[in-house]
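Since the structure comes first, as structure tokens, the remarks are kept for the end.
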Amino acid sequence: MAIIKISQNNLYYNLNQLALKSGSKSKIAAVLKDNAYGHGIKIIAKLVSNWGVEQAVVINNQEAGKIEELFKNTLVLNDTPTQNPKRSYAITEITALKNAPKDAKLELKVDTGMHRNGILISELQEALSIIKANGLNLYGVFTHYRSADELSSEFSWQKANFKQVKQFVKQTGIKGVRFHSHNSASLLRSNNFNEDLARIGIAMYGYNELPNVFDPIELKPVLSLWAKCTSSRELKKGQKVGYGGSFSAPRDMVVSTYDIGYGDGLFRGDSHNPFIIKEGLPVLGRVSMDFISLESKKEELCIFDNAQKAANHFKTISYEITTALKSEIERIIV
7 MAIIKISQNN
17 LYYNLNQLAL
27 KSGSKSKIAA
37 VLKDNAYGHG
47 IKIIAKLVSN
57 WGVEQAVVIN
67 NQEAGKIEEL
77 FKNTLVLNDT
87 PTQNPKRSYA
97 ITEITALKNA
107 PKDAKLELKV
117 DTGMHRNGIL
127 ISELQEALSI
137 IKANGLNLYG
147 VFTHYRSADE
157 LSSEFSWQKA
167 NFKQVKQFVK
177 QTGIKGVRFH
187 SHNSASLLRS
197 NNFNEDLARI
207 GIAMYGYNEL
217 PNVFDPIELK
227 PVLSLWAKCT
237 SSRELKKGQK
247 VGYGGSFSAP
257 RDMVVSTYDI
267 GYGDGLFRGD
277 SHNPFIIKEG
287 LPVLGRVSMD
297 FISLESKKEE
307 LCIFDNAQKA
317 ANHFKTISYE
327 ITTALKSEIE
337 RIIV
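One rule links them: number in the numbering used here = place in the sequence shown (from 1) + 6.
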């Protein structure tokens with residue numbers, strides 16, 4: 007069966023690099039949503055907790071329940087707030103704020119320019135008034151940058167907007183509020199990080215998506231995908247492989263079937279422009295739901311160990327390559 011190998015050394019190397027940028031490992035919040043970007047939420051949570059990460063970010067209560075005992079606090083981005091001292095909840099709409107339970111830890115997400123969700127800056131006064139009137143527990147205020155990984159003025163524009171938000175909240179006299187806006191890209195390009203924490207996702211997993219104009223910070227991919235041989239056969243010149251017979255053997259050759267396919271999250275791609283696996287071998291013919299064919303006799307092959315390179319081939323992003331990998335694939339630490 008296919009297997010995903012998680013490099014502990016590479017993960018800890020990346021965290022050390024990020025701690026140098028943030029100034030302290032205590033300021034790193036590990037983004038573990040969507041099965042830790044496909045890496046395996048329980049495995050990654052345990053590893054980063056052992057390294058010293060104290061804060062986590064997930065998408066819903068189900069994910070939080072799997073890992074919250076490992077962290078001081080877990081921020082839930084999109085679920086109904088509950089009274090739980092180990093969780094804080096993102097509030098993105100005034101209506102949600104009005105219905106929030108008193109004892110839940112709440113974090114206002116403010117829309118500083120991404121225009122996807124979040125309390126509008128023009129609604130901030132109303133939101134803070136509701137918090138005071140209802141005796142709600144405001145634990146944090148945060149935002150999300152839409153273009154931190156691009157060379158443009160939009161990052162500075164949103165930073166300026168969030169600076170105003172922070173000043174406004176502080177002027178209200180509400181105490182004990184944490185402020186955070188930096189994701190992986192914005193932390194990597196920052197030279198004077200001064201917020202309470204940085205929400206680190208893709209960089210922790212080994213990918214720096216910034217343009218080359220920024221100071222290069224080497225990161226190491228944490229995940230590699232491997233497949234095992236299930237069958238081998240000798241093909242004669244002219245014999246075809248797989249659905250549609252899109253690959254025809256140019257010579258007598260040994261072809262083996264390996265147990266990975268699009269049902270496992272490997273991209274199907276185009277058989278006329280085959281994906282070249284880590285071992286330098288092109289996928290022969292079409293990717294099937296559960297299998298691929300390769301010219302090899304090896305019992306196990308590395309399909310890829312760099313999602314960014316795979317993403318370039320499939321014309322997508324590294325996030326999509328890793329999060330597509332099904333949770334049923336076994337993950338092991340190496």
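Glycine included, each C-beta is placed from N, C-alpha and C at the ideal position.
Limits of the beta strand (DSSP E) - the one that residue i falls within
i: I282; result: I282 -> no beta strand (DSSP E), and no H or E assigned at all.
i: G1; result: In the structure displayed, the chain extends from 7 to 340; residue 1 sits before or after that span and is not available.
i: Q61; result: Q61 to V64
i: H186; result: R184 to H186
i: I206; result: A204 to I206
i: A209; result: Careful: A209 lies outside any beta strand (DSSP E) and carries neither H nor E.
i: A361; result: For the chain, the structure presents residues 7 to 340; residue 361 sits outside this window and is missing.
i: F310; result: E306 to F310
i: T263; result: M259 to Y264
i: I335; result: Segment: none, I335 is in no beta strand (DSSP E) and carries neither H nor E.
i: S299; result: I298 to L300
Whole-angstrom distance between residue j and residue i, CA atom to CA atom
i: N197; j: S277; result: 45 Å
i: E74; j: A62; result: 8 Å
i: V175; j: P87; result: 22 Å
i: S158; j: S252; result: 44 Å
i: Q314; j: E326; result: 10 Å
i: R292; j: A96; result: 43 Å
i: L112; j: L142; result: 8 Å
i: V37; j: L287; result: 34 Å
i: A316; j: Q173; result: 43 Å
i: L21; j: M210; result: 6 Å
i: A233; j: E306; result: 6 Å
i: V247; j: Q14; result: 38 Å
i: K108; j: Q89; result: 8 Å
i: I338; j: I136; result: 47 Å
i: Q289; j: S238; result: The question names Gln, but residue 289 is Val in the sequence shown. About 15 Å.
i: K78; j: D202; result: 14 Å
i: G124; j: K39; result: 19 Å
i: G71; j: F310; result: 31 Å
i: L103; j: N318; result: 41 Å
i: K165; j: L53; result: 32 Å
i: I47; j: S190; result: 18 Å
Outcome for residue i when other beta-carbon atoms lying within 10 angstroms are tallied against a minimum of 16
i: R122; result: exposed
i: F220; result: exposed
i: Y213; result: buried
i: W163; result: exposed
i: L272; result: buried
i: G179; result: exposed
i: Y249; result: exposed
i: K321; result: exposed
In DSSP terms, what residue i is bridged to
i: N79; result: Q61
i: D276; result: N279
i: R93; result: T80
i: V293; result: For V293, which the question treats as bridged, DSSP gives no partner whatsoever.
i: S254; result: K246
i: P288; result: I282
i: D117; result: L126
i: K111; result: S94 and N143
The ligand FAD heavy atom lying under 8 Å from the CB of residue i
i: A154; result: Ligands in the displayed structure: none, and consequently the ligand FAD is not present.
Endpoints, the alpha helix (DSSP H) within which residue i is located
i: T178; result: Unbroken run through T178: none, as it is neither H nor E.
i: K315; result: A313 to F320
i: K226; result: From DSSP, K226 is part of no alpha helix (DSSP H); its letter is neither H nor E.
i: L216; result: Note, L216: premise wrong, no alpha helix (DSSP H); not H, not E.
i: I9; result: Premise fails: I9 lies in the beta strand (DSSP E), I9 to I12, not in any alpha helix (DSSP H).
i: S192; result: S190 to L194
i: A3; result: Within the shown structure, residues of the chain are numbered from 7 to 340, placing residue 3 beyond reach of any answer.
Start-end ranges of the alpha helix (DSSP H) lying completely within the segment 23 to 48, minimum 4 residues: 39 to 43
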